[in-house]
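Report on one structure; see the data block that follows.
There are 2 protein chains.
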Amino acid sequence: MLSKTHSKYIQSLHHKKFRDADNVFIAEGNKVVPELVQSKRFVCMEILGTKEWLQQHEVSLRKYYDGPLTEIETFELEKISALSTPNQVLAIFKKAEAAPAIIDKKISIVLDTIQDPGNLGTIIRTADWFGIENIICSANCTEMYNPKVAQSTMGSLGRVNITYVNLPTWLAQQEISLYAAALDGKPVQQFRNIKEGLLIIGNESKGISKEIMEMVTEKITIPKTGEAESLNAAVATGIILSHIV
Amino acid sequence: MLSKTHSKYIQSLHHKKFRDADNVFIAEGNKVVPELVQSKRFVCMEILGTKEWLQQHEVSLRKYYDGPLTEIETFELEKISALSTPNQVLAIFKKAEAAPAIIDKKISIVLDTIQDPGNLGTIIRTADWFGIENIICSANCTEMYNPKVAQSTMGSLGRVNITYVNLPTWLAQQEISLYAAALDGKPVQQFRNIKEGLLIIGNESKGISKEIMEMVTEKITIPKTGEAESLNAAVATGIILSHIV
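Okay, here's the thing in structure tokens:
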């Protein structure tokens with residue numbers, strides 16, 4: 015049985031203000047929680063799961079984690095969950111400091127004002143698939159510790175280094191090729207085997223800001239044969255990476 | 015001022031049961047509503063918008079639509095909206111019968127048990143980008159008229175023909191190559207300039223069902239260089255289309 019105070023505390027972590035105050039975040043679900051525990055990037059503070067789930071996962075979790083395993087009822091999980099369909103387990107993790115982004119001799123992703131948490135999470139997951147180690151976010155990107163981000167990364171949050179920076183200032187300091195996803199560039203099929211560079215993805219409706227677009231080395235376009243006005247930011251990221259990596 | 019009855023009626027359309035009863039659905043947002051009105055695929059029944067939005071769009075909407083334009087306050091829109099951040103306008107449309115899917119001499123998409131409305135919407139948008147005319151969904155895919163689907167298609171719902179079928183039975187009747195997105199196939203880079211076929215995308219966690227996998231001509235894999243267990247279904251669809259189209 016979860017105390018009222020503890021339940022309220024976890025609910026408070028749905029909000030950035032309270033996550034920031036305690037320097038923690040929550041993650042949920044059968045795939046996400048074990049992956050984040052294993053990744054060791056984030057120190058796990060508590061795992062709250064249904065009896066059945068905890069029984070099934072205790073042995074494997076204990077290899078990486080020796081904190082509290084709190085048994086809760088499904089109705090209690092529904093109360094503390096940030097998801098519309100809660101999924102057997104929720105965990106609290108300490109946030110981690112981003113490591114300095116080392117971008118030499120590899121491809122990294124730069125996000126300019128990505129606002130949708132589901133998009134950020136899916137971009138992190140896609141980056142992880144393609145072995146991208148660093149994502150550099152503009153300061154006004156959605157927060158990586160939003161519960162919906164953790165959810166849509168499907169565990170990749172523990173494997174990609176995510177840094178928030180003042181983007182124009184930071185980009186101005188880099189001596190590396192800048193590739194922008196844009197509607198008026200060269201076809202993505204012309205970019206092959208790129209070994210080093212930053213791939214810049216812009217805001218969901220406004221694209222890349224003018225200030226940043228002016229710094230760009232090359233614009234990359236995904237040729238369109240149909241009618242849609244644009245592609246989803248995460249889909250565009252995946253397509254470009256699949257061609258240039 | 016929206017009557018209580020009318021407000022409740024629109025709220026009821028967040029649920030499939032009531033959408034089915036009246037054969038209508040709702041769509042929202044500054045991009046989505048005008049695109050669906052213009053597409054003429056769905057008959058628009060009513061547009062409810064803020065005063066400012068209606069003033070700005072009345073002339074262009076009236077080229078395609080002569081039904082009611084209902085002025086509502088922001089707090090009323092918040093009540094009837096199915097979105098977490100409502101966006102100036104909501105409209106009610108009649109559902110449309112799917113046209114028979116003509117799949118000869120082109121690439122079409124087949125979805126096996128796609129459950130997340132955001133994924134379905136993003137797949138429809140991606141299909142529209144690549145000029146795919148038909149999406150064939152298994153009967154247990156999420157419903158195309160879910161408000162979150164319309165939202166994430168960003169208007170493409172009016173341009174792609176979406177049919178729900180008994181998938182194993184339907185596939186067994188087709189004499190065309192079946193390409194499955196799978197983790198154990200040939201690299202996507204080996205598939206170029208495919209002119210005809212069905213691209214099958216499987217469920218978010220279980221992939222393509224065994225029964226359907228047994229009918230497949232070729233399995234297509236997106237080579238992985240990192241650690242993520244899988245890619246988001248919409249991202250995978252976009253990547254494969256960008257290589258094979």
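Heads up: the protein sequence lines correspond to chains U and Y, in order.
Throughout the first sequence, residue numbering follows this note's numbering, covering 15 to 259 in sequence.
Throughout the second sequence, residue numbering follows this note's numbering, covering 15 to 259 in sequence.
All C-beta atoms, glycine included, are put in the ideal place defined by N, C-alpha and C.
Here the structure is a predicted model, which is why all the values come from computation and not from measurement.
Chain U within 8 angstroms of residue i, Cβ atoms only
| i | result |
| --- | --- |
| Ala164/Y | no |
| Arg55/Y | no |
| Met206/Y | First, the amino acid is wrong: residue 206/Y is Arg here, not Met. Not one chain U Cβ lies under 8 angstroms of Arg206/Y. |
| Val46/Y | no |
| Asp126/Y | no |
| Asp142/Y | yes |
| Leu245/Y | yes |
| Glu42/Y | no |
| Val51/Y | no |
| Val230/Y | no |
| Thr239/Y | yes |
| Val259/Y | yes |
Sequence-distant residues of its chain with Cβ nearer than 7 angstroms to residue i (five each side left out)
| i | result |
| --- | --- |
| Gln187/U | none |
| His28/Y | Ala96 and Pro161 |
| Gly169/U | Lys45, Val46, Glu49 and Leu50 |
| Ala112/U | Asn175, Ile176 and Thr177 |
| Asn154/U | Thr127 |
| Ala110/U | Arg55 and Phe56 |
| Thr88/Y | Thr64 |
| Glu225/U | Pro182 |
| Asp142/Y | Ser170, Arg173 and Val174 |
| Thr129/Y | In the sequence under discussion, the amino acid at residue 129/Y is Gln, which differs from the Thr named in the question. Cβ neighbours of Gln129/Y beyond the five flanking positions: Thr156, Asn217 and Glu218. |
Cβ separation of residue i and residue j, assumed to be a contact under 8 angstroms, to the nearest whole Å
| i | j | result |
| --- | --- | --- |
| Ile40/Y | Thr64/Y | Between Thr64/Y and Ile40/Y the Cβ distance is about 16 angstroms, and since that is not below 8 angstroms, they are no contact. |
| Ile150/U | Thr177/U | 5 angstroms |
| Tyr119/Y | Lys209/Y | According to the sequence shown, residue 119/Y is Lys rather than Tyr. Indeed they touch by this definition, with Cβ atoms about 7 angstroms apart. |
| Leu185/U | Met229/U | 6 angstroms |
| Thr127/Y | Ser223/Y | 7 angstroms |
| Ile121/U | Val259/U | 6 angstroms |
| Ile215/Y | Ile123/Y | 7 angstroms |
| Leu212/U | Ile254/U | Contact flag wrong, Cβ pair sits at about 12 angstroms. |
| Val38/U | Lys108/U | 6 angstroms |
| Gly145/Y | Gly145/U | Actually they are not in contact, since the Cβ atoms of Gly145/Y and Gly145/U sit about 31 angstroms apart, beyond 8 angstroms. |
Beta-carbon contacts of residue i that lie in its chain and below 6 angstroms, excluding the five residues immediately before and after
| i | result |
| --- | --- |
| Gly252/Y | Thr140 |
| Leu16/Y | Ile86 and Glu90 |
| Phe32/Y | Ser26 |
| Val103/Y | Val47, Gly63 and Trp67 |
| Pro100/Y | Leu91 and Glu92 |
| Pro82/Y | Glu60 |
| Val163/Y | Pro131, Leu134 and Gly135 |
| Gly221/Y | none |
| Met158/Y | Ile176 |
CB contact below 8 angstroms: residue i versus chain Y
| i | result |
| --- | --- |
| Ala75/U | The residue you asked about is not Ala; residue 75/U is Leu in the sequence shown. No, because no Cβ of chain Y sits closer than 8 angstroms to the Cβ of Leu75/U. |
| Gln134/U | Per the sequence shown, the amino acid found at residue 134/U is Leu instead of Gln. Chain Y, which has no Cβ nearer than 8 angstroms to the Cβ of Leu134/U, makes this no. |
| Ile63/U | The sequence given here has Gly at residue 63/U, not Ile. It does not: the Cβ of Gly63/U has no partner Cβ on chain Y nearer than 8 angstroms. |
| Asn148/U | no |
| Ile253/U | yes |
| Lys31/U | no |
| Met168/U | yes |
| Ser1/U | The structure shown does not extend to residue 1/U, since chain U spans only 15 to 259, so no value can be given for it. |
| Glu85/U | no |
| Ala8/U | No statement about residue 8/U is possible, as the shown extent of chain U runs from 15 to 259 and does not include it. |
| Ser256/U | yes |
| Ile236/U | yes |
| Gly145/U | yes |
| Thr183/U | no |
| Ala248/U | yes |
Sequence-distant residues of its chain with Cβ nearer than 8 angstroms to residue i (five each side left out)
| i | result |
| --- | --- |
| Lys200/U | Glu232, Lys233, Ile234 and Thr235 |
| Ser21/Y | Glu90, Lys93 and Ile94 |
| Glu42/U | Ser95, Ala96, Leu97, Pro100, Asn101, Val103, Leu104, Ala105, Pro161, Ala164 and Gln165 |
| Leu197/Y | Gly221, Thr235 and Ser244 |
Residue i: CB within 7 angstroms of a non-hydrogen atom of the ligand ATP
| i | result |
| --- | --- |
| Ser191/Y | Although the ligand ATP was asked about, the structure shown includes no ligands whatsoever. |
Give the list of continuous beta strand (DSSP E) stretches no shorter than 3 residues that lie fully inside the region 66–151 of chain Y. Counting whole runs of 3 or more residues, the region 66–151 of chain Y contains the beta strand (DSSP E) stretches 83–85, 103–108 and 121–125.
Any contact of the region 188–200 of chain U with the region 73–83 of chain U, i.e. 3+ C-beta pairs under 8 angstroms? no
Does the region 130–140 of chain U come into contact with the region 243–250 of chain U, if we say contact requires no fewer than three beta-carbon pairs (one atom in each stretch) closer than 8 angstroms? Yes: the two stretches touch, three or more of their Cβ pairs being nearer than 8 angstroms.
Mind listing, in chain order, the continuous alpha helix (DSSP H) runs of no fewer than 4 residues lying wholly within the region 177–243 of chain U? Within the region 177–243 of chain U, the complete alpha helix (DSSP H) runs of at least 4 residues fall at 181–186 and 224–227.
Please list the segments of the alpha helix (DSSP H) lying wholly inside the region 31–60 of chain Y, counting only runs of 4 or more residues, in order along the chain. 46–53
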